[in-house]
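In my numbering, the protein residues as written are 25 to 178.
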């Protein structure tokens with residue numbers, strides 16, 4: 025299965041982020057945030073390719089993602105050795121504070137691939153267009169109510 029950016033769109037809105045445990049994967053700005061004990065979020069440094077690997081794994085949370093699938097989806101037509109992918113996963117584990125022996129996020133299935141094990145939840149932000157349409161609809165309904173009340177009065 026190829027990663028498809030259009031799959032993240034939802035009815036005119038845009039899925040802005042995906043939460044898992046103390047992290048928020050910000051799809052709109054392509055960055056990762058960690059919520060601290062105080063409730064404040066701090067940005068977690070990721071390379072663009074590490075972000076892409078994490079996004080793909082999170083998109084397929086709870087499913088085995090083979091090395092070949094990841095390489096095909098994220099390194100289009102490039103001749104890349106599996107070690108490159110292993111290096112990106114190592115970077116992700118470090119950024120997430122994950123342990124290969126006792127994974128909380130990314131589990132390695134030897135000779136098969138990776139499995140994102142944390143549960144996820146999606147957040148869709150209201151777009152400016154949606155807010156504008158809502159305001160316009162509210163204004164039209166108010167005007168229709170005013171006209172109806174005036175007609176009833178006369």
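Just so it is clear, CB atoms sit at the ideal spot from N, CA and C, and this is done for glycine as well.
Values in this document were obtained by computation on a predicted structure and should not be read as measured data.
Would residue i and residue j be called neighbours here (beta carbons separated by less than 8 Å)?
i: residue 67; j: residue 46; result: no
i: residue 78; j: residue 70; result: yes
i: residue 62; j: residue 147; result: no
i: residue 82; j: residue 132; result: no
i: residue 95; j: residue 114; result: no
i: residue 80; j: residue 100; result: no
i: residue 102; j: residue 140; result: no
i: residue 142; j: residue 128; result: yes
Would you grab the beta carbon distance between residue i and residue j for me? Rounded to a whole angstrom, and I think it's under 8 Å.
i: residue 56; j: residue 75; result: 7 Å
i: residue 124; j: residue 117; result: 6 Å
i: residue 121; j: residue 90; result: Incorrect: roughly 25 Å between the Cβ atoms, too far for contact.
Can you tell me where the alpha helix (DSSP H) holding residue i begins and where it ends?
i: residue 74; result: 72 to 83
i: residue 97; result: 91 to 98
i: residue 108; result: 106 to 120
DSSP three-state label for residue i, please.
i: residue 26; result: For residue 26, the predicted structure reports a pLDDT of 35, less than 50, and the residue's modelled location is therefore unreliable. The matter cannot be settled from this model.
i: residue 147; result: strand
i: residue 131; result: strand
i: residue 171; result: helix
i: residue 65; result: strand
i: residue 101; result: coil
Using the beta-carbon count (16 or more within 10 Å), is residue i buried or exposed?
i: residue 52; result: exposed
i: residue 112; result: buried
Taking the beta strand (DSSP E) that residue i falls in, what are its first and last residues?
i: residue 56; result: 55 to 59
i: residue 137; result: 137 to 140
i: residue 48; result: 47 to 50
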